[in-house]
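If you're matching positions, the sequence shown starts at 697 in my numbering and goes up one per residue. Built from N, CA and C at the ideal position, the CB exists for glycine as well. Computed from a predicted structure; not experimentally measured.
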Amino acid sequence: MSIEIPVLIGRAEGALAAGDAASEQEPSASAVCCEPLVREPLGADEADDFAKTMKALADPTRLRLLSIVAATAEKEACVCDLTEPVGLSQPTVSHHLKILTDAGFLARSKRGTWAYYSLVPGSLERVADVLNP
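Here you go:
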């Protein structure tokens, strides 16, 4: 007794050749591999810049500091008012605020001996725009 094993050369098992009855039907889910892009994706340089920006947000203390500044009525806070809520020393808080300032999320203004930090308008929206289609 012999068993015949079909051999497919040049096409995947179950694939249909042109002219086969089922080939005239709609393509299967596996035939459509990708959806068309609805907008231009990030280029290499843009992705590198965006990764640096996201790195500034990738710290719980910095997220809390941004949240505190955003929650103030004036969208501005003195570094002296930010140390207690996060439970860190003024130099450590200033270090985190500098990272957020360098990343473009906060603006710094000096008044006497204290530095005040405010949200840069549109900075958080720009992050959301990259992530939302």
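| Item | Value |
| --- | --- |
| Let me know the secondary structure DSSP gives S719 once reduced to three states. | Per-residue confidence for S719 stands at a pLDDT of 49, beneath the threshold of 50, marking its modelled position as unreliable; no derived number is given. |
| Assuming T757 and H792 make a contact with CB atoms under 8 Å, what is their CB distance in whole Å? | 5 Å |
| Are the CB atoms of E772 and S819 nearer to each other than 8 Å? | no |
| Under the three-state reduction of DSSP, which class applies to R822: helix, strand or coil? | helix |
| Please look up how many angstroms separate the CB atoms of L784 and I764, rounded, as I've assumed it's under 8 Å. | Between I764 and L784 the Cβ distance is about 12 Å, and since that is not below 8 Å, they are no contact. |
| State the beta-bridge partners of E772 as determined by DSSP. | S814 |
| Would you kindly work out how many angstroms separate the C-alpha atoms of C776 and E731, rounded to a whole number? | 51 Å |
| In the DSSP output, which residue or residues are listed as bridge partners for K806? | A811 |
| Suppose the cutoff is 7 Å on Cβ atoms and the five residues either side in sequence are ignored; what does the same chain contact list for R782 look like? | Rather than Arg, the amino acid found at residue 782 in this sequence is Val. Excluding residues within five positions, the ones whose Cβ falls inside 7 Å are T757, R760, L761, V789. |
| If I measure Cβ to Cβ from W810 and keep anything under 8 Å in the same chain, skipping five residues before and after, which residues do I get? | C774, V775, C776 |
| Round the Cβ separation of T797 and R804 to the nearest angstrom and send it over; I've been treating them as touching at under 8 Å. | 5 Å |
| Is A752 buried or exposed, if buried means 16 or more other CB atoms sit within 10 Å of its CB? | buried |
| Going by CA-CA distance only, name the one from V823, Y812, A747, L827 that's closest to T768. | Y812 |
| What residue from L802, R822, V823 has the CA that sits closest to A766's CA? | L802 |
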